[in-house]
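Heads up: the structure comes next, in structure tokens.
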Amino acid sequence: MRMLYDVSHRTSFHYAQPVRFQRCNLRLEPVRWSGQELEGYELTVTPRAALTVMRPGGYPVNMVRMLLEQATTELVIESRFRMAVDRDVPEIRTDDASLGDVAAAVRASGDLSSTGPANYLFASPLIALEAEIAAWAAAELDPRRGAVEAGLALATRIHDEFLYDGAATVADTRPIEAFRGRHGVCQDFAQVMIAALRAHGLPAAYVSGYLRTIPPEGQPRLVGADATHAWVMLWCGPARGWIGFDPTNACLMAGDHIVTAVGRDYADVSPIDGIFMGQDQQSVDVAVDVEPVEA
Amino acid sequence: MSQLPGLPTWGEGWLASYLPRATSGDILRGDVGRGARWWNHLLEGMAGLGEGNLNHLQDRITRQVAEIGTSFRLPGEAHERPWRISAIPLLIGEDEWRGIERAIGQRAELLERVLADIFGEQALFRDGALPAVMATGSEHFWRTMIGVPPPGGHRLHTYVADIGRGPDGEWRVLADYSRAPAGAGYALENRLAASRVMGTLYTRLNIRRLAPFFSAFREGMAAACKRSDPRIGLLTPGRFNQSYAEQAHLARYLGFLLVEGEDLAVREDQLFVRTIEGLKRIDALWRRLDTRFIDPLTFDAQSAIGVPGLMDAVSAGNAVVANAPGAGVIEATALSAFLPGLARRLTGEQLHMPNIATWWCGQEREREQVEAMLDELLIAPAFGGPLPGLPDGRPVLGADLSPAARAELAEGLRRRPQDYVGQEVVHLSTAPTLVDNMLVPCPFTMRVFACRDADGQWTIMPGGFARFGAQGDVRAAVMGEGAFSADVCVVAHRPVDAVTLVPPKVAIRRNPGTLPSRAADNLFWLGRYLERGEATLRLVRAALGGTIEADAGAGLLPRTMTRLRGLLISSGAATDWAGGGGDLGEQDMLALALSAVDGNGLASVRRLLANVHAIGEGTRDRLSADVWRLIDEPMPEGRAEDAAGLLNRATALQVRFSALAGLAAENMGRTAAWRFHDVGRRIERAVLACRLLRNFADDDASADDLTTLLDLTDSQISYRARYMTELSLAPVRDLVALDAYNPRSLAYQVASIGKHLAALPVLRDDGMAEEQQLIAIELGGLVALAKAEALGGHAVMAIENRLLALSDAIGRRYFLQGGEALRAASMILA
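If you're matching them up, the sequences are chains A and B in order. Okay, so the first sequence: first residue is 1 according to the UniProt record's numbering, each after it adds one. Okay, so the second sequence: first residue is 1 according to the UniProt record's numbering, each after it adds one.
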């Protein structure tokens, strides 16, 4: 079923002292991904800043470099777009590649493009491979098991065993800490799942994006709405390719998910990062709105 | 010790006792067996130099190493250790060396082509010659570098290999380095130390020189730049890096600016260095900093030591970074398994020097082979890092694995076989080393350095350094525990040309170029701290001298002693002295003086020397070896001292400060660097003069106060030369404050500062004076118009405050931290 969404993502920075010469990377414009089509995009920065679209940075990420030379205490970055999503819930099939086959296929893969599975097989700057997580996940990741089924089983296990707790972790909490506490938010759950998959030789990517706000009638409201969301993609062999799994909601990526960027971990896709000159006191306010539009 | 005629010479004797102990692969035994005479000549020569005792030579070389200042740190250590070098160089015949040279050049070129493919066409991957994980498995693979052509045309400008020689005499490559391998500086310093001891022996042996290699490297870097007379920097992580001393030495030797990330800035895709003359273009960086940290906007956003936007300058073709970011990908051990095939494919040749036979477990058949031969093979990480079964990330001989580690390894190989390789165990041949005045065979590995010359061709350093370790296989010898190095010398058949480091067409210049702001800052504070240390010592000596003479009945008035105490405390020297007020006995004064010398106060001599050491370390590329040696000398320790003992120690320390002052005054080139150092000294001395005047020359000053003031300002003789009368307030004030002929006076310092600031560059182009110049002019006026009679505490205080304002203004104008925080703060991730 084709869905149409209007999305706005507004980030306001407030600095106690004026800062100047801000240079940021904005990774806010959604990438092209199967099952979704961008129908208009607008990026506004106040005060007005120089914006340069950067050459593709290696991963499926659109990046704009922002340069603001004047001194300011307020900075507002707003990303607005309309997105059509037409993505069915992936099926679990009996002839899905087994996890063992997937692991062998990625080792032999010659695909060095940005979606090549080999890019997502190793430890990355924010996700170390931990023996503890590997052992915990071993029960779900038998090499003979079908890849899609195993992926959903692992996502479900995280959903069942972990407590969603926005106060338990911060942006740079390491996966092992979230794992030991069995708590966290979408970012932590995604990183724990990725750590588990990679530790078993499976290629897993970190996805940043959005989840629809208004729940379909009669269904409960999904956690993670009204904010940016994060989940996982597992490469399920050459036939199925990349399939998304949402450990926060124990489901597969489908019509409610909008993909913004795909990378190895949060560092590759973080919506805004950068540097400025001045004192390091800032407050940030993020407002996200994902509104379904009547088609 | 001379030798009797007719008996074998010392050299013959050493050889005769060495040969039976050396096994067949020994390099000396092989050379001698083939009729080569260079070992004989070396040992005869060394016997002559050491008068039959090799230990003498070893002692001399060790002294030279200390002299040159070669040192290194082990990771995690705060202090540098001396570099250990064997007295006996490792000689390699020219013919054998030619084979090494050819093989290393071939390998460097091959690796360049592999890099060009990884970050370019990627045909090797499409065609199945390399699996994609060969790139993605390396933490040094940066996808953002794909499709970025390297300015200057090459990704590799330097390449380093560790090689080992098997018992059959065949050399093998043990490891490849393309990031920022340490060692070229150590090789240079080894050679320097050895040739100082060996004198003309090296020339007589026809040892090939190292200098042309470094010239070639400098010219190669320059040739890669767009501008014809480029500015090149050595980008260092800073003085806490384990090979900082080497980096500073190399920067000085190569004529590169030693820069940290903070010293650099990118504006509109151009790279600049922050100097006292503002931003200046810089064309190339030889980086000793991992890619991850060099640009927070492109790589790790959390890096605080990088240069934001550096990669924009690189992508625009405006800055050469050597080696290119991403070059580290070829260091992966697993890649060795593919290099023989890649050599045939990319160059149509076999590898001239094989690497260690390597089986990458990411391939089914290879993994089974490794599992079958586990006990005979070294098991190593394919891409690095600790792994299940290899907890410290180092290679382990399969047979040495504990049952538990073996089980972990099996699990690791099942889950992530691509992380492991198996490697043949290479046994190393031996070379002579010196143990207890005897030649002893010891296994060695060698580090070989290659660089591109001005034509982009590979040049190999003729020599390098060998490392000797206890173990006979390639797990040997990281520098550190028990290992030591030796100078590797390539022996030519014919006399080598005397090389001059001066290329023929050099435009003469008398200015060493722009001074980076950081260096100016360091030199300024070096001057201030050295002067401050000297001042504390003078106070200590005055305090102790006063009490010692008190026993002889000629001591200072209690009020004068109280003032000395006040100054020692308020200057920050003796802040942890616990005594109270009131009159001071001898023991009080001793405790106070001890605190000022050894205590934790900010201006205690010990603390100041530590500051000087830290700053000196950060400015090593601009300090002469003599200066550094004085700075690096440990603080003399005293125990259970009486006043006389402490006085002796304070005197010895003061001699050291005086020596440093003398070196600065007589040996530093009269450049901007010297001016900043001298301004630092002058400001400190001027501020001190003010403090002393306020304490000892206020309107109620006694004769004891005045004589103490003259002592502390080293002006007794000047006073006696001018006045026959007793001490009198106004003349003393005038001499210490206003007399421009007295080099210790306030007026003299102010005049010097004014001259320095007039000579330093200004940024304004409207002909108006800058703030620091205005304050200096104002100070000059204050001093010129002052009258000794009216120069009481308040008047002096006003001058002192302007001096402090001047110091701040200089900092704002010339130094990094001036005015606003230039250090980039990382933005919160949203």
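Beta carbons: idealized from backbone N, C-alpha and C, even for Gly. Every value quoted in this text rests on a predicted model; they were computed, and no experiment measured them.
Legend entry - Neighbouring residues, chain A, relative to B:PHE125 (Cβ below 8 Å): GLY110, ASP111, LEU112
Legend entry - Three-state class that DSSP yields for B:HIS140 in the structure shown: coil
Inset, instruction - Note down, in chain order, each residue of its chain lying with its Cβ closer than 6 Å to the Cβ of A:GLY201, except the 5 sequence neighbours on either side. - result: ALA103
Legend entry - Cβ-Cβ separation, A:PRO60 to A:ALA118 (assumed contact under 8 Å), whole Å: Rounded, the Cβ-Cβ distance is 15 Å, inconsistent with contact.
Inset, instruction - Compute the Euclidean distance between the alpha carbons of B:ARG21 and B:ARG98, then round it to the nearest angstrom. - result: 28 Å
Legend entry - Closest Cα partner of B:GLY137 within the set A:ASP142, A:SER124, A:VAL53, A:VAL148: A:SER124
Legend entry - Three CB pairs or more closer than 8 Å across the stretch 677–697 of chain B and the stretch 635–655 of chain B: no
Inset, instruction - Return the chain-ordered list of same chain residues with a C-beta closer than 6 Å to the C-beta of A:LEU75, the five sequence neighbours on each side being excluded. - result: PHE13
Legend entry - Touching by the beta-carbon criterion (3+ pairs, under 8 Å), the stretch 345–352 of chain B and the stretch 371–390 of chain B: no
Legend entry - According to DSSP, residues forming a beta bridge with A:ALA205: A:MET233
Inset, instruction - Count the other CB atoms, across all protein chains shown, that sit within 10 Å of the CB of B:VAL655; report buried if there are 16 or more and exposed otherwise. - result: exposed
Legend entry - Span of the alpha helix (DSSP H), counted from its first residue to its last, around B:SER702: Taken as a continuous stretch (DSSP letters only), B:SER702 belongs to no alpha helix (DSSP H), as it is neither H nor E.
Legend entry - Minimum Cβ-Cβ distance from B:ARG812 to chain A less than 8 Å: no
Legend entry - Length of the line joining the Cα atoms of B:ALA313 and B:GLU268: 8 Å
Inset, instruction - Evaluate B:ILE163 with the Cβ neighbour count: other Cβ atoms within 10 Å of its Cβ, from every protein chain shown; 16 or more gives buried, anything less gives exposed. - result: buried
Legend entry - Three-state class that DSSP yields for B:PHE125 in the structure shown: helix
Legend entry - Helix, strand or coil at A:GLN22 according to DSSP, with G and I counted as helix: strand
Inset, instruction - Step through the CB atoms of chain B and report whether any lies within less than 8 Å of the CB of A:ASP188. - result: no
Legend entry - Reference A:VAL64; option with closest CA among A:ARG27, A:ARG180, A:PRO238: A:ARG27
Inset, instruction - With DSSP as the reference, please indicate the residues paired to A:PHE13 in a beta bridge. - result: A:LEU75, A:VAL284
Inset, instruction - Answer with yes or no whether the minimum CB distance from A:ARG107 to chain B is below 8 Å. - result: yes
Inset, instruction - Decide if the stretch 242–258 of chain A is in contact with the stretch 147–155 of chain A; the criterion is three or more beta carbon pairs, one per stretch, under 8 Å apart. - result: yes
Legend entry - Own chain, CB closer than 7 Å to A:ARG145, minus 5 neighbours either side, in chain order: SER98, LEU99
Legend entry - alpha helix (DSSP H) segment containing B:PRO558, residue limits: 558–570
Inset, instruction - Below 8 Å CB to CB, which residues in the same chain sit around B:GLY326 once its five sequence neighbours on both sides are set aside? - result: LEU115, ILE118, PHE119, HIS140, PHE141, TRP142, MET145, ARG155, THR291
Inset, instruction - Report the residues of the stretch 63–76 of chain A with a CB closer than 7 Å to any CB of chain B, ordered along the chain. - result: none
Inset, instruction - Enumerate in chain order the residues of its own chain whose CB-to-CB distance from B:GLY25 is below 6 Å, with the five nearest sequence positions on each side excluded. - result: PRO167, SER429
Inset, instruction - Anything in chain B within Cβ reach of A:HIS200, meaning under 9 Å, just list it in chain order. - result: ARG415, ARG416
Inset, instruction - Consider the Cβ of A:PHE122: report whether some Cβ of chain B lies at a distance smaller than 8 Å. - result: yes
Inset, instruction - Kindly list, in the order they appear in chain A, the residues whose Cβ is closer than 7 Å to that of B:THR136. - result: ALA118, ASN119, LEU121, PHE122
Inset, instruction - Determine the DSSP secondary structure at B:TRP577, reduced to helix, strand or coil. - result: coil
Legend entry - Closest residue to A:ARG87 among A:THR94, A:HIS9, A:ARG2, A:THR173 (Cα-Cα distance): A:ARG2
Inset, instruction - Output the distance between the C-alpha atoms of B:PHE657 and A:GLY184, rounded to the nearest integer angstrom. - result: 59 Å
Inset, instruction - Check B:ASN801 in the structure and name its three-state DSSP category. - result: helix
Legend entry - Closer than 7 Å: B:ARG84 CB and nearest the ligand SAM heavy atom: Among the ligands in the structure shown, none appear at all, so the ligand SAM cannot be discussed.
Legend entry - Test: B:GLN58 CB closer than 8 Å to a CB of chain A: no
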